[in-house]
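For the sequence shown, the working numbering gives the first residue as 36, with consecutive numbering after it.
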Amino acid sequence: MQRRDFLAGGTAAVLLVAGRATGAAELAPVESEVAIAHPINAGSRLLFISGQVPTDAEGNTPARFSEQCRLAWRNLEAQLAAADMQLRHLVKVTVFLARSGDRRRERELRRERLAGVARPSVSVVVTGIYDEAWRIEIEAIALAG
36 MQRRDFLAGG TAAVLLVAGR ATGAAELAPV ESEVAIAHPI NAGSRLLFIS GQVPTDAEGN
96 TPARFSEQCR LAWRNLEAQL AAADMQLRHL VKVTVFLARS GDRRRERELR RERLAGVARP
156 SVSVVVTGIY DEAWRIEIEA IALAG
């Protein structure tokens, strides 16, 4: 397996490329009411995206949670694009929230952003975040065949 570290938009991501395909048929995701499991084939590329925060290129953070959420998702999409991937490649997303009161709005905005594109496994954790101005941080794992 090859590993390639890179920076995109000022944050790190790690891309792992599995060895040559062994002829195994592509496996479909396994879904249940509460989770989705994504099997990995040889020849797949795995991208581990570090926490994407709600700051723009100039370091500005919007005051409103909705805008912070949208900006964090745009930053995550920039990481995917740098690895030649898209939202549809997401298999696992972890959302960190500074305030439990933002859970419902975060879920609405996430579902809006991913509608018809991706159904990754999602975990939401309410915790303290590195910068007090940030109300959200999003990390992810993406898989492309």
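No residue lacks a Cβ here, since even glycine has one placed at the ideal position from N, Cα and C.
Since the structure is predicted, the reported quantities are computational estimates derived from the model, not experimental observations.
Three or more C-beta pairs closer than 8 Å, one from the region 110-117 and one from the region 129-145: is that the case here? no
Give me the DSSP bridge partner(s) of THR129. SER158, GLU174
Return helix, strand or coil for GLY94, following the three-state DSSP convention. coil
N-terminal and C-terminal residue of the beta strand (DSSP E) that ARG80 is part of: 80-87
Check each candidate in ARG154, THR96, LEU82 and name the one with the smallest Cα separation from ASP166. THR96
Under the rule that 16 or more other beta-carbon atoms within 10 Å means buried, what is VAL130, buried or exposed? buried
With respect to the alpha helix (DSSP H) encompassing SER135, which residues constitute its N-terminal and C-terminal limits? Here SER135 belongs to no alpha helix (DSSP H), and DSSP marks it neither H nor E.
Mind checking whether ALA175 and ILE84 have CB atoms under 7 Å apart? yes
Check the C-beta distance from ALA153 over to LEU122 and give it rounded, since I have them as a contact under 8 Å. 5 Å
On the DSSP bridge assignment, give the partners of ALA179 in chain order. ARG80
Check whether the Cβ atoms of ILE173 and GLN103 sit closer than 7 Å, and answer yes or no. no
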